[in-house]
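> As you go down the protein sequences, you meet chains A and B in turn.
Take 1 as the starting number for the first sequence in the numbering used here and just add one per residue.
Take 223 as the starting number for the second sequence in the numbering used here and just add one per residue.
Each residue gets a CB set at the ideal place from its N, CA and C atoms; glycine is no exception.
Remember, it's a predicted structure, so these values are computed and weren't measured experimentally.
What follows is a single structure, and I will ask about it in a moment.
Protein chains: 2
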Amino acid sequence: MAEELDTKPKAKRQRFSPEERRRMILEGAIEFFAENGFDGSTHQLAHFLGVTQPLIYKYYPTKEDLIDAVYEDLFQNRWNDEWDGILSDRSRPIKERLVDFYTRYCEVIHSPDWIRVFLYSGLKNMEINQRYAPLVEERAIRRVCIEARDANNLPGLDKIPLANEEFEAVWTMHGGIFYYGVRRFVYRVPVSASTDELINGAVTTYLEGVQGLARQMGLTAS
Amino acid sequence: MAEELDTKPKAKRQRFSPEERRRMILEGAIEFFAENGFDGSTHQLAHFLGVTQPLIYKYYPTKEDLIDAVYEDLFQNRWNDEWDGILSDRSRPIKERLVDFYTRYCEVIHSPDWIRVFLYSGLKNMEINQRYAPLVEERAIRRVCIEARDANNLPGLDKIPLANEEFEAVWTMHGGIFYYGVRRFVYRVPVSASTDELINGAVTTYLEGVQGLARQMGLTAS
DNA sequence: ATTATAATTTATCATTTGATAAATGTAAAT
DNA sequence: ATTTACATTTATCAAATGATAAATTATAAT
């Protein structure tokens, strides 16, 4: 009768197809590494998965391979090409476009897994984030600068090239939105506003503020 | 004659006073942990210091103790009380005050050591950052909100309490300024603006933008 | 029911890591 | 020059870690 009173739930061995198991390990690894960083041990990860440690190595021959799979799943092809169109669609008010874009963007990045793994990878590795920042600058920041010029009837880039301050103003908005995720998922402190309020506030402030900036820079409506 | 041709510089044993050595180890640990995270091994740290690993344990009985010392040196008492006065000094234009404050603040936080250790500690631990965020909110964010109300002749807090959007607008500026450090010292990508340009841009945009926000919220000049 | 495939576990290893004790050698005091 | 104090190193350890090989057992095909 003591057999059923064992301390462990006993979790009998369960077989899955290679595809399923591979996926299960990857999903678990994302959650585990997001919490513990890439220095979390494969033994602990296995325990977290409810599986023995050598099994992980059956599907990912080295820890490095597993980490690469985590990177790919989280960051590769997560930039939706439709977002570019949203920003440039001048049939809509610019504020609406920016809110729309950042709402979709935040649906991707404002998760504990994404933010934390992104920072961990930035701190450890650097290639991924070094590649990511220029992508953001090219596809978002720069585009916002251009649209802000147009929305305020300011000269186009062919007349006057983008100034550092214009770039940084967008980066500041962008960084502020990113940082909201850091406060929530890294520091884990209460935030006073919802994501919608955050985006609305950041976009409103930017659009209003960039006019003052343009004035300060001596840009005049054309 | 082969003795002088040894591969190692031979670096003969050097004695320092306990205070000096303790300091040397701490400084090295900050740099080392900032680069490698707190999972960097004490063996590697010793090598980095040009010292044997047990020596570290003579001065810091456990790795935890050393890490705590790193925290304390970087984050404890780094908030200068004079900063509070700068923000609240209504004899100066608000823009000048904000620029002044953030210039000094950035002198502290915009260093690879500070930014990286702060993020590492946030990701691993959380107590420190959980304590730090409310400090910033109380002594900076909130104060900026109040001063922005005053500078725009808007009702005081006794009339109308601070709205989430007002708070978030400042947090966005603040986060944007922080994120500039992340781009430089974590992602290690080129940034287009200098720290001065960044601060000027962020502050200008915020001050201009918060007026639009107030308008949107229905706050009227009194 | 028996067999065959292969998913999963058990057992094991070399290295690394945080930590300790004993030996060594430097610098100051006598 | 000798002695003494103690800063530093050498030697070592148990536990943890990434990784591999062999044994086991669940599942599907026969």
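Between the Cα of Thr220 of chain A and the Cα atoms of A:Tyr206, A:Ile160 and A:Gly181, which residue gives the shortest distance?
Counting from 1 along the first sequence, the entry for residue 220 of chain A is found at position 220. When each option's Cα is compared against that of Thr220 of chain A, the closest is A:Ile160.
> Can you find a C-beta in chain A that's less than 8 Å from the C-beta of Asp261 of chain B?
Here residue 261 of chain B is taken as the residue at index 39 of the second sequence, counted from 1. Chain A contact via Cβ: present.
> How should Arg78 of chain A be labelled, buried or exposed, when 16 other C-beta atoms within 10 angstroms of its C-beta is the threshold for buried?
Along the first sequence, one-based indexing puts residue 78 of chain A at 78. It counts as exposed.
> By DSSP, does Leu5 of chain A sit in helix, in strand, or in coil?
The count along the first sequence starts at 1 and reaches residue 5 of chain A at position 5. Per-residue confidence for Leu5 of chain A stands at a pLDDT of 39, beneath the threshold of 50, marking its modelled position as unreliable; the derived number appears in the next sentence. DSSP places Leu5 of chain A in helix when its eight states are reduced to three.
> Along the chain, where does the alpha helix (DSSP H) containing Asn422 of chain B start, and where does it finish?
The residue you call residue 422 of chain B lines up with position 200 of the second sequence. Looking at the DSSP string, the run of the alpha helix (DSSP H) that includes Asn422 of chain B is Thr417 to Met439.
> Against chain A, which members of the region 343–364 of chain B pass a CB distance test of less than 8 Å?
Those residues of the region 343–364 of chain B that come within reach of chain A (Cβ to Cβ, closer than 8 Å) are Gly344, Leu345, Lys346, Met348, Asn351, Gln352, Tyr354, Ala355 and Pro356.
> Can you name, in chain order, every residue of its own chain whose Cβ lies under 6 Å from the Cβ of Asp113 of chain A, other than the five neighbours on each side?
Counting from 1 along the first sequence, the entry for residue 113 of chain A is found at position 113. Cβ within range, chain order: Ile30 and Ala34.
> Can you tell me the Cα-Cα spacing of Glu328 of chain B and Met126 of chain A, whole angstroms?
In the second sequence, the residue the question calls residue 328 of chain B occupies position 106. In the first sequence, the residue the question calls residue 126 of chain A occupies position 126. Reading off the sequence shown, one finds Cys at residue 328 of chain B, where the question assumed Glu. Using only the alpha carbons, I get a separation of about 23 Å.
> Is it buried or exposed, Gln236 of chain B, if we count other Cβ atoms within 10 angstroms and call 16 or more buried?
One-based indexing of the second sequence puts residue 236 of chain B at position 14. Under this definition Gln236 of chain B is an exposed residue.
> Closest Cβ-Cβ distance between Glu72 of chain A and chain B: below 8 Å?
Counted from its first residue, the first sequence places residue 72 of chain A at position 72. So no, Glu72 of chain A is outside the interface.
> Once you ignore the five residues that flank Ala69 of chain A on each side, which residues in its own chain have a CB closer than 7 Å to its CB?
The count along the first sequence starts at 1 and reaches residue 69 of chain A at position 69. These residues qualify, in order along the chain: Leu26 and Tyr60.
> Less than 8 Å separating the beta-carbons of Arg131 of chain A and Asp84 of chain A?
Walking along the first sequence from the start, residue 131 of chain A turns up at place 131. Walking along the first sequence from the start, residue 84 of chain A turns up at place 84. For Arg131 of chain A and Asp84 of chain A, no; Cβs fall outside 8 Å.
> Quick check: the region 380–399 of chain B against the region 425–436 of chain B, are there 3 or more CB pairs under 8 Å?
Because the criterion of three Cβ pairs below 8 Å is met, the region 380–399 of chain B and the region 425–436 of chain B touch.
> Contact between the region 309–328 of chain B and the region 270–281 of chain B: three or more CB pairs below 8 Å?
No contact exists between the region 309–328 of chain B and the region 270–281 of chain B.
> Could you give the first and the last residue of the continuous alpha helix (DSSP H) run that contains Arg237 of chain B?
Within the second sequence, numbered from 1, the residue matching residue 237 of chain B stands at position 15. Per DSSP, Arg237 of chain B belongs to no alpha helix (DSSP H) and is neither H nor E.
> Just to confirm the assignment: which complete alpha helix (DSSP H) runs, minimum length 4, are found wholly within the region 235–281 of chain B?
Here the runs fully enclosed are 240–258, 264–271 and 275–281.
> Ser88 of chain A by DSSP, collapsed to three states: which one?
Against the first sequence, residue 88 of chain A aligns to sequence position 88. Three-state DSSP puts Ser88 of chain A in a helix.
> Just to confirm, are Gly181 of chain A and Gly398 of chain B a CB contact at a threshold of 8 Å?
Locating residue 181 of chain A in the first sequence gives position 181, counting from the first residue. Locating residue 398 of chain B in the second sequence gives position 176, counting from the first residue. No, the pair does not count as a contact, with Cβ atoms beyond the cut-off.
> Less than 7 Å between the CB of Glu35 of chain A and some heavy atom of the ligand SAM, yes or no?
What this structure holds is no ligand at all, so the ligand SAM is not there to describe.
> Tell me which residues of the region 388–406 of chain B have at least one Cβ-Cβ distance to chain A shorter than 9 Å, keeping chain order.
Answer in chain order: Glu388, Phe389, Glu390, Ala391, Trp393, Thr394, Met395, His396, Gly397, Gly398, Ile399, Phe400, Tyr401, Tyr402, Val404 and Arg405.
> Let's test the definition: count the other Cβ atoms within 10 Å of the Cβ of Lys8 of chain A and tell me whether it reaches 16, buried, or not, exposed.
Start at 1 with the first residue of the first sequence, and residue 8 of chain A comes out as number 8. Because Lys8 of chain A carries a pLDDT of 47, less than 50, the predicted location of this residue cannot be relied on, and no value is offered for it.
> List, in order along the chain, the chain B residues whose C-beta lies closer than 9 Å to that of Val210 of chain A?
Residue numbering aside, residue 210 of chain A sits at position 210 when the first sequence is read from its first letter. Neighbours of Val210 of chain A on chain B, chain order: Thr427, Glu430 and Gly431.
> Applying a beta-carbon distance threshold of less than 9 Å, which residues of chain B neighbour Val186 of chain A?
For the purposes of this step, residue 186 of chain A is identified with residue 186 of the first sequence, where counting begins at 1. The contacting residues are Leu341, Gly344, Leu345, Met348 and Asn351.
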